[in-house]
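In the numbering used here, the protein residues as written are 344 to 529.
We treat Cβ as the ideally placed atom computed from N, Cα and C, and that holds for glycine.
In this text, all values refer to a predicted model and were calculated from it rather than measured experimentally.
This report refers to the structure that appears directly beneath it.
Here you go:
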């Protein structure tokens with residue numbers, strides 16, 4: 344049996360628990376999330392929306408007039424990004440970021456929980472939400488994270504294999520190459 348760790352060899356449980364707590368705190372500092380969606384025709388769209396986290400799911404309240412809303416409803420998929428501000432990053436190449444691949448579900452106005460989530464939106468984001476609630480073109484969508492990735496620097500990338508179970512693993516050195524004529528690793 345080899346004594347070399349595999350690419351999926353976990354760091355210590357305590358270390359991974361600390362990283363998971365760190366990424367949760369990082370995410371909690373945001374009031375908006377960035378979204379990458381794709382239409383049924385394959386046309387990509389980048390956007391953002393204010394969000395709430397409730398029981399591990401992200402909720403967005405978005406207008407049907409926005410391209411991303413149609414994409415979210417039609418495809419049922421979204422990639423969500425939380426990224427460190429450039430001004431606070433050590434370097435533009437080393438911005439902390441957290442991404443999630445999510446399944447999307449519309450929460451109908453007649454469904455249990457709809458009013459409660461919008462009450463939370465109003466508490467967090469103020470009176471504008473009260474106005475938006477009355478507009479028929481606004482949709483409440485639940486983004487259910489399935490897996491993700493947290494990158495906090497070079498060689499410090501972590502896969503989140505099961506968001507619900509908080510299963511996280513360190514992504515080991517793979518794909519590291521040297522540049523011809525340069526003896527240092529990138």
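Item, Value
"State the DSSP-derived secondary structure class of residue 292, mapped to helix, strand or coil.", "Residue 292 lies beyond the range of the chain shown here (344 to 529); nothing can be said about it."
"Out of 371, 410, 360, point me to the one whose CA is closest to residue 382's CA.", "410"
"Of the choices 509, 489, 416, whose alpha-carbon is the least far from that of residue 451?", "416"
"According to DSSP, is residue 384 helix, strand or coil?", "coil"
"Taking the continuous beta strand (DSSP E) assigned at residue 449, which residues delimit it?", "440-450"
"Quick one: measure Cβ to Cβ for residue 292 and residue 423, integer angstroms, because I've assumed they're closer than 8 Å.", "Residue coverage of the chain in this structure runs from 344 to 529, which leaves residue 292 outside it and unanswerable."
"Does the separation of the CB atoms of residue 490 and residue 504 fall below 8 Å?", "yes"
"With DSSP collapsed to three states, give me the class of residue 392.", "strand"
"Can you give me the C-alpha to C-alpha distance between residue 367 and residue 455, rounded to a whole angstrom?", "27 Å"
"Kindly give me the distance between the Cβ atoms of residue 501 and residue 492, rounded to whole angstroms, as I take these residues to be in contact under 8 Å.", "7 Å"
"Just to confirm before moving on: does the CB-CB distance between residue 392 and residue 376 stay below 8 Å?", "yes"
"In its own chain, which residues sit with a C-beta less than 6 Å from the C-beta of residue 484, not counting the 5 before and 5 after it?", "403, 415, 447, 449"
"Quick one, are the C-beta atoms of residue 425 and residue 373 less than 8 Å apart?", "yes"
"Cutting at 8 Å between CB atoms, please list the residues of its own chain near residue 413, excluding the five before and the five after it.", "382, 407"
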